[in-house]
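Peer 1: Numbering of the first sequence is given in the numbering used here, commencing with residue 698 and proceeding in unit increments.
Ideal placement from N, C-alpha and C gives every residue a C-beta, glycine not left out.
These numbers were taken from a predicted model, which means no experiment stands behind them.
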Amino acid sequence: MMSDPHARLERLTSMLRRRGVILPAFEIHGGVAGLFDFGPMGGRLRRRLNNAWLEHWATQGDIVEIDSPTITPESVLIASGHVGEFNDHMSECNGCGGAFRSDHLVEGFHPNPDVLAPKDLDKLISDNNVNCLTCGAIDWKDAQPMNLMFSTRIGAMKGGRTAYMRPETAQGMFMLFPALYHHFRNRLPFGAVQTGKGYRNEISPRQGMIRLREFNMAELEYFIDPEVESNHDFSNWDSCLFNLVPDPEFSEPIEMSPGEASAGNIIRHPTVAWFMARTWDFLVSVGIDPTKIRFRQHEGTEMAHYASDCWDAEIHGSYGWIECVGIAHRGCYDLAAHESATGDNNLRAWRPYDEPMEVDKMIVAGKGSVIGPAFKEKAGLVNSALEALEGMSPVFPFDLKLTDGTMVTIDENMVEEKRIQATEHGEWFLPHVVEPAFGIDRILWHVLDHAYDETEKGGAPYTVLRLDPSIAAIDVAILPLMEKDGLDEVAHDIHRQICSTRNLSSYYDGSGSIGRRYARADEVGVPWAVTVDHESMQDNTVTIRRRDDGAQVRIQVDELVENLAMSTISSVF
RNA sequence: GCGGAUGUAGUGAAGGGGUUAUCACCUGAGGUUUCCAACCUCAUGUCACGGGUUCAAAUCCCGUCGUCCGCACCA
């Protein structure tokens, strides 16, 4: 019974609700699938996990935190590919009501079905007599767009701009590339992190915290120069064998250190390997069981349109292996996409040459006095078309195609050949980006799942939530041995002293037997419990109990608070 | 979104066209005890929501919403 994983999952979920950690949102109004509240024991836990994540990357020294809006204009998401990507079409069967992705139905009949318009999808489906995958009927409704983004409008009155709630935080970091580049004194590599809410209007959210409609994301964009070899020191992980599941086309699952995997080109880019290693560190530091982590490489067909290599960190828990982090090498896809969509050319970095380059070239330049009268308003286009001829020596007269598609004829008297001599010190290029993207809620779920320990005490079932003290919502429970003789007042004083100490949080519990109160604290993962007894009244000492083994030590209150604040409390045992 | 199951205190469950809805745990108060879920007394709190049938609905019917399973979908 106790080992049935489904029953364990139900007990865990019940406990999280009962104790106010994670609860369905808006429940008195009937609830909404895919939306959850973090309750009184969950809010701080989530924030501490979030902070642990931010601090983990801050230690690297070349990563800064930014924060951008969740409401995002449509044009941004068209440029990024999300409007297309998140606008899949569904076809519904009139026979059984089953709904399928239209582009999946016509796979094999078209080389690239996901670019097709709904009309073409319908035509392809009917031309090829596609059967319903459920009932076999050939009777389809028209393909309908299925937008997985929440749409809204900017501006309260009629009109305004179409916008979406961001489906990821990454775009905000790309928008800020020029500011980041400036901040880092024009030197790569550097990175930016952002945590916050993301939104996806899932068709059918299931599996509790795993598929949400509004979720906490934490993303990092690390910008690198593709031509500079990345040197990362993997020696810290030499003895850490990661579970790697590479694209089956290339390799079998294997256990290997990240340094080796990078050297062996199983992980194709060293910076991707670096972030995989740092991700592993983070997950383990917040309490994920390292034996339940694996990295799975996306197969060619599965990889997002922009990525050149992508590894998911998957964590094993009550729902099986769940993707919790995606680490993608996105090339220059995003910056290039935003440049071409906007005509902006500030999403670049400057790469100085080792040696300045002497440029000595002949170009054909328009004579303003001739081109102007000859072409009038098109003179500007003619000049830029001539510039584009760089390096060619044309034979006059010749036809020149302008960017607006028209052709003009250029005579010899309209131009002069110029010799350009210059010294070029470098070039502008589009940086590449490596993006580790974390699903905070999924990680938090697995932290709870891995910490939830059902044991026995005196023959009776007993549960302990073995949260890492660095993320536990409550650091310490303050328990008067009994609520009289002034013990309760002393306990309240200690409680207030701890709560007013930076980064510490305690709760006071005076009801029930002392054993019951230890049990309550253990169940929600409070790592330390302090008991105030009569001796405390005499010499200002208390006993502190360690959650994980029940060991107790008597200690001065000041020493207690100081050690809690410095996270060194385990040293007193 | 489709099909099936389902919705009763904070949690887990029993019951069920009839006026006061049951049990355990939990929670709170008092007593007792005083370092690992002890005990006694008392107390709070519930039939998902909306509509229909009926003299009477938590119970039967319909709809909505939620949950679970299967299909489909899924950064």
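Could you tell me which of Thr849, Pro1049, Gly895 and Glu1220 sits nearest to Thr710, measuring between CA atoms?
Peer 2: Here residue 710 refers to the residue found at position 13 of the first sequence. The residue with the shortest Cα to Cα distance from Thr710 is Glu1220.
Peer 1: Would you say Cys1021 and Gly856 are within 8 angstroms of each other, going by their C-beta atoms?
Peer 2: As a first step, residue 1021 must be located in the first sequence, where it is residue number 324. As a first step, residue 856 must be located in the first sequence, where it is residue number 159. No, Cβ-Cβ distance for Cys1021 and Gly856 is not below 8 angstroms.
Peer 1: For Glu952, does the count of other Cβ atoms within 10 angstroms reach 16, so buried, or fall short, so exposed?
Peer 2: Position 255 of the first sequence, counted from the start, is the residue given in the question as residue 952. Flag for Glu952 reads exposed.
Peer 1: Determine the DSSP secondary structure at Thr849, reduced to helix, strand or coil.
Peer 2: For the purposes of this step, residue 849 is taken as residue 152 along the first sequence, with counting starting at 1. DSSP places Thr849 in strand when its eight states are reduced to three.
Peer 1: Given this structure, state the Cα-to-Cα distance separating Ala1038 from Ser1015, to the nearest angstrom.
Peer 2: For the purposes of this step, residue 1038 is identified with residue 341 of the first sequence, where counting begins at 1. For the purposes of this step, residue 1015 is identified with residue 318 of the first sequence, where counting begins at 1. Using only the alpha carbons, I get a separation of about 43 angstroms.
Peer 1: Per DSSP, what kind of secondary structure is Phe1126 in: helix, strand or coil?
Peer 2: Indexing the first sequence from 1 puts residue 1126 at position 429. In this structure, Phe1126 counts as strand in the three-state DSSP scheme.
Peer 1: In this structure, how does DSSP classify Met712 when only helix, strand and coil are distinguished?
Peer 2: Taking the first residue of the first sequence as 1, we reach residue 712 at position 15. In this structure, Met712 counts as helix in the three-state DSSP scheme.
Peer 1: Please state whether DSSP places Cys937 in a helix, a strand or coil.
Peer 2: For the purposes of this step, residue 937 is taken as residue 240 along the first sequence, with counting starting at 1. In the structure shown, Cys937 sits in coil (DSSP, three-state: anything other than H, G, I, E or B).
Peer 1: Could you check whether the segment 755 to 767 touches the segment 881 to 893, counting it as contact only if at least three pairs of C-beta atoms, one from each stretch, sit closer than 8 angstroms?
Peer 2: Result yes; three or more Cβ-Cβ pairs closer than 8 angstroms.
Peer 1: Quick one: grab the DSSP three-state call for Glu916.
Peer 2: Counted from its first residue, the first sequence places residue 916 at position 219. The answer is strand: DSSP assigns Glu916 an E or B state.
Peer 1: Going by DSSP, which residues form a beta bridge with Val1227?
Peer 2: Locating residue 1227 in the first sequence gives position 530, where the first residue counts as 1. Its beta-bridge partners are Ile1175 and Ile1241.
Peer 1: Buried or exposed, going by whether 16 or more other CB atoms sit within 10 Å of the CB of Pro967?
Peer 2: Residue numbering aside, residue 967 sits at position 270 when the first sequence is read from its first letter. Flag for Pro967 reads buried.
Peer 1: For the pair the segment 1119 to 1131 and the segment 1039 to 1046, tell me if three or more CB-CB distances fall below 8 angstroms.
Peer 2: Touching, yes, given that three or more Cβ pairs across the two stretches are closer than 8 angstroms.
Peer 1: Cα-Cα, which of Met738, Trp1142, Leu1078 and His1035 is closest to Gln904?
Peer 2: Position 207 of the first sequence holds residue 904. Considering only alpha carbons, the answer is Trp1142.
Peer 1: Looking only at its chain, what residues have a beta carbon closer than 8 angstroms to the beta carbon of Pro864, apart from the 5 residues adjacent to it on each side?
Peer 2: To locate residue 864, count along the first sequence from 1; it is residue 167. Here the set comprises Leu774, His779, Phe783, Leu845, Met846, Gly895, Tyr896 and Arg897.
Peer 1: Give the straight-line distance between the Cα atoms of Ile768 and Tyr1204, rounded to the nearest whole angstrom.
Peer 2: On the first sequence, position 71 is the one that residue 768 refers to. On the first sequence, position 507 is the one that residue 1204 refers to. So the alpha carbons of these two residues sit roughly 38 angstroms apart.
Peer 1: Using 10 angstroms around the beta-carbon of Tyr1050, count the other beta-carbons present and answer buried if the total reaches 16, otherwise exposed.
Peer 2: For the purposes of this step, residue 1050 is taken as the residue at position 353 of the first sequence. The residue in question, Tyr1050, is exposed, as its Cβ has fewer than 16 Cβ neighbours within 10 Å.
Peer 1: Flag this pair as yes or no: are the beta carbons of Ala1134 and Met914 separated by less than 8 angstroms?
Peer 2: Residue 1134 sits at position 437 when you count from the first residue of the first sequence. Residue 914 sits at position 217 when you count from the first residue of the first sequence. Yes; because the gap between Cβ atoms is below 8 angstroms, this pair is in contact.
Peer 1: Near His929, what residues of its chain come up, given a Cβ to Cβ distance below 6 angstroms and the 5 sequence neighbours on each side ignored?
Peer 2: Along the first sequence, read from residue 1 onward, the residue named residue 929 stands at position 232. Correct list, in chain order: Pro967 and Trp971.
Peer 1: What residue range is occupied by the uninterrupted alpha helix (DSSP H) comprising Cys1258?
Peer 2: Reading the first sequence from its first residue, position 561 is the one you call residue 1258. For the sequence presented, residue 1258 should be read as Val rather than Cys. Unbroken alpha helix (DSSP H) run through Val1258: Val1254 to Ala1262.
Peer 1: Taking the alpha-carbon of Glu1232 as reference, which of Thr1265, Ala1188, Ser1197 and Ser982 has the nearest alpha-carbon?
Peer 2: To locate residue 1232, count along the first sequence from 1; it is residue 535. Closest by alpha carbon: Ala1188.
Peer 1: Mapping the DSSP letters down to three states, classify Val729 as helix, strand or coil.
Peer 2: As a working mapping, residue 729 is identified with position 32 in the first sequence. Looking at Val729 - three-state DSSP - the assignment turns out to be coil, as it is neither helix nor strand.
Peer 1: Any heavy atom of the ligand MG within a distance shorter than 7 angstroms of the CB on Arg897?
Peer 2: Summarising the ligand content, the structure contains no ligands, and the ligand MG is consequently not present.
Peer 1: Straight-line CA distance for Ser959 to Tyr878?
Peer 2: The residue labelled residue 959 in the question sits at position 262 within the first sequence. The residue labelled residue 878 in the question sits at position 181 within the first sequence. Cα-Cα distance, rounded: 28 angstroms.
Peer 1: Would you mind reading off the limits of the beta strand (DSSP E) that contains Asp839?
Peer 2: In the first sequence, counting from the first residue as 1, residue 839 sits at position 142. Premise fails: Asp839 is in no beta strand (DSSP E) and is neither H nor E.
Peer 1: Mind checking who Thr1152 pairs with in its DSSP beta bridge?
Peer 2: By one-based count along the first sequence, residue 1152 stands at place 455. Answer by DSSP bridge pairing, in chain order: Tyr1159.
Peer 1: Any contact between the segment 975 to 984 and the segment 1158 to 1171? By contact I mean 3 or more CB pairs, one from each, below 8 angstroms.
Peer 2: The segment 975 to 984 vs the segment 1158 to 1171: in contact.
Peer 1: At what residue ranges does the segment 732 to 777 contain a whole run of the beta strand (DSSP E), taking only runs of 3 or more?
Peer 2: Those beta strand (DSSP E) runs which fall completely within the segment 732 to 777 and span 3+ residues are 733 to 735, 760 to 762 and 768 to 770.
Peer 1: Identify, in the order they occur along the chain, each residue of the same chain with its Cβ nearer than 6 angstroms to the Cβ of Pro987, setting aside the five sequence neighbours on each side.
Peer 2: Here residue 987 is taken as the residue at index 290 of the first sequence, counted from 1. Excluding residues within five positions, the ones whose Cβ falls inside 6 angstroms are Val981.
Peer 1: Quick one: is Gly758 buried, meaning 16 or more other Cβ sit within 10 Å of its Cβ, or exposed?
Peer 2: Counting from 1 along the first sequence, the entry for residue 758 is found at position 61. It counts as exposed.
Peer 1: In this structure, what does DSSP give as the bridge partners for Phe881?
Peer 2: The count along the first sequence starts at 1 and reaches residue 881 at position 184. Its beta-bridge partners do not exist; DSSP assigns none.
Peer 1: Mind checking who Val1022 pairs with in its DSSP beta bridge?
Peer 2: The residue you call residue 1022 lines up with position 325 of the first sequence. In the DSSP output, where bridge partners are listed per residue, Val1022 has Ala1010 and Phe1135.
Peer 1: Reducing DSSP to helix, strand and coil, say where Val1069 ends up.
Peer 2: The sequence position of residue 1069 within the first sequence is 372, counting from 1. Checking the sequence, you will find Gly at residue 1069 rather than Val. Helix, per DSSP.
Peer 1: For Gly1102, count neighbouring Cβ atoms within 10 angstroms of its own Cβ and tell me buried if that reaches 16, exposed if not.
Peer 2: Here the question's residue 1102 lines up with position 405 in the first sequence. Gly1102 should be labelled exposed.
Peer 1: Tell me, to the nearest whole angstrom, how far the beta carbon of Trp934 is from that of Gly956; I am working on the premise that it is less than 8 angstroms.
Peer 2: The count along the first sequence starts at 1 and reaches residue 934 at position 237. The count along the first sequence starts at 1 and reaches residue 956 at position 259. Right, their Cβ atoms sit about 6 angstroms apart.
Peer 1: Quick check on DSSP: helix, strand or coil for Val718?
Peer 2: In the first sequence, the residue the question calls residue 718 occupies position 21. The answer is coil: DSSP assigns Val718 none of H, G, I, E or B.
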